[in-house]
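Asks: Line by line, the protein sequences are chains P, E and Z.
Basically the numbering used here = 1-based index in the first sequence + 248.
Basically the numbering used here = 1-based index in the second sequence + 714.
Basically the numbering used here = 1-based index in the third sequence + 3.
Cβ coordinates follow ideal geometry from the N, Cα and C atoms, glycine included.
Keep in mind that this is a model prediction, so the values were computed, not measured.
Just dropping this structure here.
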Amino acid sequence: MIYIGLAGIYLLGIFFLGIFMPESAYEVNYAEKLIPPCADHLFGTDFMGRDMLMRSVKGLSVSMVIALLAAGVSSVLALAFGVAAAVFGGKLDAIVNWCVDLFMGIPHLVLLILISFMLGRGAKGVTAAVALTHWPELTRVVRSEVLSVRSSQYVRAAYKMGKSHLRVAWEHVIPHVLPVYLVGVILLFPHAIMHEASITFLGFGLPAEKPAVGVILSESMKYIAMGKWWLMLFPGLMLLLAVMLFDVIGENLKKLWNPDSGNE
Amino acid sequence: MEQKTKQEILSVEELSVSFSMYQKGLRKGNLEVLHKLSLSVRAGEILAVAGSSGSGKSILAHAILGILPGNACMDGRMLYKGQPLTEKEKKGLRGREIAFIPQSVDYLDPLMRVGKQVRGVRGTKERQRELFRKYGLEEGVERKYPFMLSGGMARRVLIASALMEDACLIVADEPTPGLSERLTEETLKSFREMADAGCAVLLITHDIDLAFKAADRIAVFYAGTVVEIAPAEDFRKGKEALRHPYSRAFLEALPQNEFCPLPGFQPYAAKLPKGCLFAERCRERNEMCMGEIPMRKVRGGEVRCVHAR
Amino acid sequence: MTRLKYMGKTVLRLLTLLIAVSILSFLLLEASPVDPLTAYIGTDSTLSEEAKEEIIRHWGLKEPPVTRFLKWAGNFVCGDWGESITYKKPVKTVIAERLKYSLALMLAAWLFSGILGYAFGMLAAVRQGKLTDKVIKTFSLTLQSAPVFWIGLLFLSFFAVRLGWFPIGLATPMGKTAEEVTVFDRIYHMILPAVTLSVLGTGKTALYTRQKFIEILNKEFILYARARGESTGQIIWRHGIRNTLMPAVTVQFASFSELFGGIALAESVFSYPGIGSALTAAGLGGDVPLLLGIAVCSAVFVFAGNLAANLLYLVLEPRAGSFV
């Protein structure tokens, strides 16, 4: 519980700090360019004299917003597909399974590039790409969970009492599947953040003038040979930390809600 | 009376085993599953340890072999051929002089061919083939995987494994459940052969019927301890020949006798009563039962009851 | 013969998926706002009108999408993958040239992450709950969460720039002609990208192997093995590896998809001229034929991994025949 709380406070802190941060916090100041980390600039400054701590926080927050959107879309898709496949079974189940296999049959990054290319790159492209490609695994989880509830006694009893498919799904299946689903959504977050940063880094995502982690790291590449290590070290560490904390939250919630799943 | 002169192979004195585990609220607690248990087996003898399922009999087998999990803690003394049997000794003896016969085919590595498993780490191919012939296993069996074995074959394979090396003490944990009558007979016959060859056999079972048929002596197991050890013929004679009220109740509960089950349950290991563990369900209970109950010798057997005469 | 039948079914299912993936890629690129003709010849083309007509006819660019896909698929199967705009060479040549580099890189990373991850995982499981286990677990979790490109930047800045142990990029030393480049040059240039690429897999394989072996260690047959006098070393050797190696290798094959994604990132950090950097270049340059070619290649790669995993299971698992 303590871990979840601390991780949550840190992540929410970055999220809101970034959203409400005035642009002046990371504005261009040529008088102070490429300063190594010091008391005034904990993470140093970049080639335009912008404060790297502020840029990193803002960048991570932007990534989180995109991940939030993406996780929202992907998780709704996954819930709909997974529940539909398991409840109606038969052909629909086969089709959903096939679609999952199809999306998993192509490397995720290649798929992201294709979708973002289709939408003409930029913020719209990366958001859509990340949103449309994160549902397959969660769909599988939801489907198998629903299947296990469906074969249970009380659901069969509900059918016998003459309740409709939709009503059974709403009253029995969704409440049971919800915890597993929510953990799945939280665990989807780090993937979404990482993928956004990855394709932005490659140049497909957010435009260069946006303070995104991917942009910051791809800019830092030009300065590595000059030994300006702080440009890449701290933003990357913050990204890594954020990804790991989301994992920590997800895994701990999993243990909390379902003690049997703990493998220790 | 001839048995008395034979060498005592294993002697367990006042053995207690407890597990440290996390209980509700993540508090560390100690759960004692065996309490001051004493018994001994001699060469050429089959001793059956009989008790109802879930009373911790397997723990006894694991303790003798030194394969308890890491959170287990042992107290008491074990002697092997008169010498103290420490964990270090067990390491050297198990598989060599002390053999274990497990319950089922689940105890075989599913991905290893049977022959290789029977040979173990030190066995030779000649000995394995010899044993396979002895137990009527075809040569092809050694190249099979465990999942391909029938129940009878699996049983014979497990027995052959125990005899790969020169075992002096054989510990068999529930070796017959799920076997047909014919296979049970066959298994018991092989135990008798082992005993006749000079082995001491410790047969752990929940099936008192089986114990009558196979054993020379029977140790009655209740709530983690042995309440009575008596010659098997006493059990065949009927309840009057027995010493402990639980042994008598155990006998009464059998279908071929009165078929009248004893009311109540065995006490849970975490909430043991003081004094006699059986007192709660005993008809002869009085104040004397609340104190320490030692194991006493009565009429050629041993019993842990103050009333026994 | 259920085994053969199952094998046939698996191959068939994977093949249909492969075809479907090609259709999906085609549709996605088809839906892009780029004009089809421009997509095939680029914006600054100097081709004559007749040549343009020829391309339109050859690829069916004025026809409905289905016909166009069939045309493309037909050409593709016949070996005509189109002309790359970015590299001004046939797509097939570009891919063939670059696949060599990438395959070497992926193979190295795959083996490295597999061996290291497996060893770490086994060690952690044997020492479950002890310090060694905790260190390996934390380390693997970190590796698993680390962005590949950032790890690359980290290595680059530390080992190549600060310590000067490794070259800063490329697959061969600058200024050397192709004949002068030795095998050692190539290996020397491959080390950092390969290690970068293996980071993700090492963490995953270690965690997977650890969990699997702990599961096995709790099985009854391990207890029996101990009762028969096997030492810890003998148990690992006789039962541990036997029961964990195959699942680990299967998972390792199934990781081909992530491996392919990884090369795009690792190669762009190290300016390594493989198929990953070609993918990035094609995407950024609007090079549709190359993009499509690489997408199909990546799907074939994933297909091969899945197929290998499935076949391996059938060949090595004695119980497979009775399961299916």
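Let me know if Z/A112 comes out buried or exposed under the rule of 16 or more other beta-carbons within 10 Å of its beta-carbon.
Replies: Counting from one through the third sequence, the residue named residue 112 of chain Z turns up at place 109. So Z/A112 counts as buried.
Asks: P/C286 by DSSP, collapsed to three states: which one?
Replies: Numbered from 1 along the first sequence, position 38 holds the residue referred to as residue 286 of chain P. It is coil, neither helix nor strand.
Asks: Considering only the beta carbon of each residue, do E/I1007 and E/C996 sit closer than 8 Å?
Replies: Numbered from 1 along the second sequence, position 293 holds the residue referred to as residue 1007 of chain E. Numbered from 1 along the second sequence, position 282 holds the residue referred to as residue 996 of chain E. Against a cut-off of 8 Å, the Cβ pair of E/C996 and E/I1007 comes out as no contact.
Asks: Where DSSP assigns a beta bridge to E/F814, which residues make up the other side?
Replies: Walking along the second sequence from the start, residue 814 of chain E turns up at place 100. Beta-bridge pairing links E/F814 to E/V885.
Asks: Can you list the alpha helix (DSSP H) stretches of 4 or more residues lying completely in the segment 182-243 of chain Z, in chain order?
Replies: With a minimum length of 4 residues, the continuous alpha helix (DSSP H) runs that stay inside the segment 182-243 of chain Z are 186-220, 223-230 and 235-238.
Asks: At least one CB of chain P closer than 8 Å to the CB of Z/V327: is that the case?
Replies: One-based indexing of the third sequence puts residue 327 of chain Z at position 324. Its pLDDT being 35, under 50, Z/V327 is placed unreliably in this model, and the coordinates cannot settle the point.
Asks: What does E/R834 touch in chain Z if you count any residue whose Cβ is under 7 Å from its own?
Replies: Position 120 of the second sequence, counted from the first residue, corresponds to residue 834 of chain E. In the sequence under discussion, the amino acid at residue 834 of chain E is Gly, which differs from the Arg named in the question. Within chain Z, the residues near E/G834 are R231.
Asks: Any C-beta of chain Z sitting closer than 8 Å to the C-beta of P/I434?
Replies: As a working note, residue 434 of chain P is residue 186 in the first sequence. No, P/I434 lies away from the interface with chain Z (no Cβ there is under 8 Å from its Cβ).
Asks: Count the other C-beta atoms from every protein chain shown that fall within 10 angstroms of the C-beta of Z/W62, then say buried if there are 16 or more, exposed otherwise.
Replies: The sequence position of residue 62 of chain Z within the third sequence is 59, counting from 1. Buried, by the Cβ-count rule.
Asks: When the Cα atoms are used, what is the spatial distance from E/K802 to E/H958?
Replies: The residue given as residue 802 of chain E occupies position 88 in the second sequence. The residue given as residue 958 of chain E occupies position 244 in the second sequence. Cα-Cα distance, rounded: 36 Å.
Asks: When we look at the beta-carbon of P/H413 and count the other beta-carbons within 10 Å, is it buried (16 or more) or exposed?
Replies: The count along the first sequence starts at 1 and reaches residue 413 of chain P at position 165. That one is exposed.
Asks: Within 10 Å of its beta-carbon, does E/G739 have 16 or more other beta-carbons around it, so buried, or fewer, so exposed?
Replies: Position 25 of the second sequence holds residue 739 of chain E. Caution applies to E/G739, whose pLDDT of 49 falls short of 50 and renders its modelled position unreliable; the model cannot decide the point.
Asks: So is Z/F306 in contact with chain P if we call contact Cβ pairs under 8 Å?
Replies: For the purposes of this step, residue 306 of chain Z is identified with residue 303 of the third sequence, where counting begins at 1. Taking Cβ atoms only, chain P reaches closer than 8 Å to Z/F306, which makes this a yes.
Asks: Assuming contact is defined by CB atoms lying nearer than 8 Å, are E/E879 and E/G780 in contact in what I supplied?
Replies: As a first step, residue 879 of chain E is located in the second sequence; it is residue number 165 there, counting from the start. As a first step, residue 780 of chain E is located in the second sequence; it is residue number 66 there, counting from the start. No; because the gap between Cβ atoms is not below 8 Å, this pair is not in contact.
Asks: Got a sec: is the Cβ-Cβ distance from Z/F321 to anything in chain E below 8 Å?
Replies: In the third sequence, the residue the question calls residue 321 of chain Z occupies position 318. Here residue 321 of chain Z is Pro; the residue named in the question, Phe, does not match the sequence. So, interface residue.
Asks: Of the residues that make up the segment 143-167 of chain Z, which ones have a beta carbon closer than 9 Å to any beta carbon in chain P?
Replies: Answer set for the segment 143-167 of chain Z: L144, T145, Q147, S148, A149, P150, V151, F152, W153, I154, L156, L157, L159, S160, F161, A163, V164 and R165.
Asks: According to DSSP, simplified to helix, strand and coil, what is E/Q717?
Replies: Within the second sequence, the letter at position 3 stands for residue 717 of chain E. With a pLDDT of 46 at E/Q717, under the threshold of 50, the modelled position of this residue cannot be trusted; read the value that follows with caution. In this structure, E/Q717 counts as helix in the three-state DSSP scheme.
Asks: Along the chain, where does the alpha helix (DSSP H) containing P/C347 start, and where does it finish?
Replies: One-based indexing of the first sequence puts residue 347 of chain P at position 99. Its alpha helix (DSSP H) spans residues G338 to M352.
Asks: What does the alpha-carbon distance come out to for the pair E/F814 and Z/H192?
Replies: Here residue 814 of chain E refers to the residue found at position 100 when the second sequence is read from its first residue. Here residue 192 of chain Z refers to the residue found at position 189 when the third sequence is read from its first residue. Going by the C-alpha atoms only, they are around 57 Å apart.
Asks: Examine chain P for any beta-carbon lying closer than 8 Å to the beta-carbon of Z/R129, and answer yes or no.
Replies: Locating residue 129 of chain Z in the third sequence gives position 126, counting from the first residue. Inspection of the sequence shows that residue 129 of chain Z is occupied by Val rather than by Arg. By this cut-off, Z/V129 is not an interface position.
Asks: Classify P/E271 as helix, strand or coil using the three-state DSSP reduction.
Replies: The sequence position of residue 271 of chain P within the first sequence is 23, counting from 1. Looking at P/E271 - three-state DSSP - the assignment turns out to be helix.
Asks: So is E/C990 buried or exposed if we call it buried at 16+ other beta carbons inside 10 Å?
Replies: Here residue 990 of chain E refers to the residue found at position 276 when the second sequence is read from its first residue. Buried: at least 16 other Cβ atoms inside 10 Å.
Asks: Is it buried or exposed for E/G796, if we count other Cβ within 10 angstroms and need 16 for buried?
Replies: In the second sequence, the residue the question calls residue 796 of chain E occupies position 82. Answer is exposed; the Cβ neighbour count stays below 16.
Asks: Of the choices P/I447, P/K411, P/R415 and P/D299, whose alpha-carbon is the least far from that of P/L359?
Replies: The sequence position of residue 359 of chain P within the first sequence is 111, counting from 1. Comparing Cα-Cα distances from P/L359 to each of P/I447, P/K411, P/R415 and P/D299, the minimum goes to P/I447.
Asks: Just to make sure I have the definition right: I need the residues of chain Z whose C-beta is within less than 7 Å of the C-beta of P/H356. Which are they?
Replies: Here residue 356 of chain P corresponds to residue number 108 of the first sequence, with the count starting at 1. Those are S260 and G264, listed as they occur along chain Z.
Asks: Find the nearest neighbour of P/H424 within the set P/M409, P/L436, P/L395 and P/A405, judged by alpha-carbon distance.
Replies: As a position in the first sequence, residue 424 of chain P is number 176, starting the count at 1. P/H424 has its Cα closest to that of P/L395, out of P/M409, P/L436, P/L395 and P/A405.
Asks: Closer than 8 Å by beta-carbon distance: list the chain E residues that pair up with Z/F224, in chain order.
Replies: Translated into positions along the third sequence, residue 224 of chain Z becomes position 221. Result: D820, Y821, L822, D823 and P824.
Asks: Starting from the Cα of P/L265, find the closest Cα among P/I250, P/A405 and P/G307 and give me that residue.
Replies: As a position in the first sequence, residue 265 of chain P is number 17, starting the count at 1. When each option's Cα is compared against that of P/L265, the closest is P/G307.
Asks: Decide if E/N1000 is buried, meaning its Cβ has at least 16 other Cβ atoms within 10 Å, or exposed.
Replies: Taking the second sequence and counting its residues from 1, one reaches residue 1000 of chain E at position 286. With fewer than 16 Cβ atoms within 10 Å of its Cβ, E/N1000 is classed as exposed.
Asks: If you follow the alpha helix (DSSP H) that P/E499 is part of, which residue opens it and which one closes it?
Replies: Residue numbering aside, residue 499 of chain P sits at position 251 when the first sequence is read from its first letter. Per DSSP, P/E499 belongs to the alpha helix (DSSP H) from W478 to W505.
Asks: Tell me which residues share the same chain as P/S311 and place their Cβ nearer than 7 Å to its Cβ, disregarding the 5 neighbours each side in the sequence.
Replies: Reading the first sequence from its first residue, position 63 is the one you call residue 311 of chain P. Closer than 7 Å at Cβ, skipping near neighbours: I441, E444, A445, A460 and V461.
Asks: Listed from N- to C-terminal order along the chain, which residues in the segment 309-331 of chain P have their beta-carbon within a distance smaller than 8 Å of any beta-carbon of chain Z?
Replies: Answer set for the segment 309-331 of chain P: empty.
Asks: Quick one: grab the DSSP three-state call for Z/T41.
Replies: As a working mapping, residue 41 of chain Z is identified with position 38 in the third sequence. Helix.
Asks: Please say whether P/L479 and P/M249 have beta carbons closer to each other than 8 Å?
Replies: Counted from its first residue, the first sequence places residue 249 of chain P at position 1. Counted from its first residue, the first sequence places residue 479 of chain P at position 231. Going by C-beta atoms, P/M249 is not nearer than 8 Å to P/L479.
Asks: Can you confirm whether the segment 140-156 of chain Z touches the segment 232-242 of chain Z when touching is taken to mean that 3 or more C-beta pairs between the two stretches lie within less than 8 Å?
Replies: At 8 Å Cβ cutoff, the stretches do not touch.
Asks: To the nearest angstrom, how far is the alpha carbon of P/L436 from that of P/A379?
Replies: Against the first sequence, residue 436 of chain P aligns to sequence position 188. Against the first sequence, residue 379 of chain P aligns to sequence position 131. So the two alpha carbons sit approximately 11 Å from each other.
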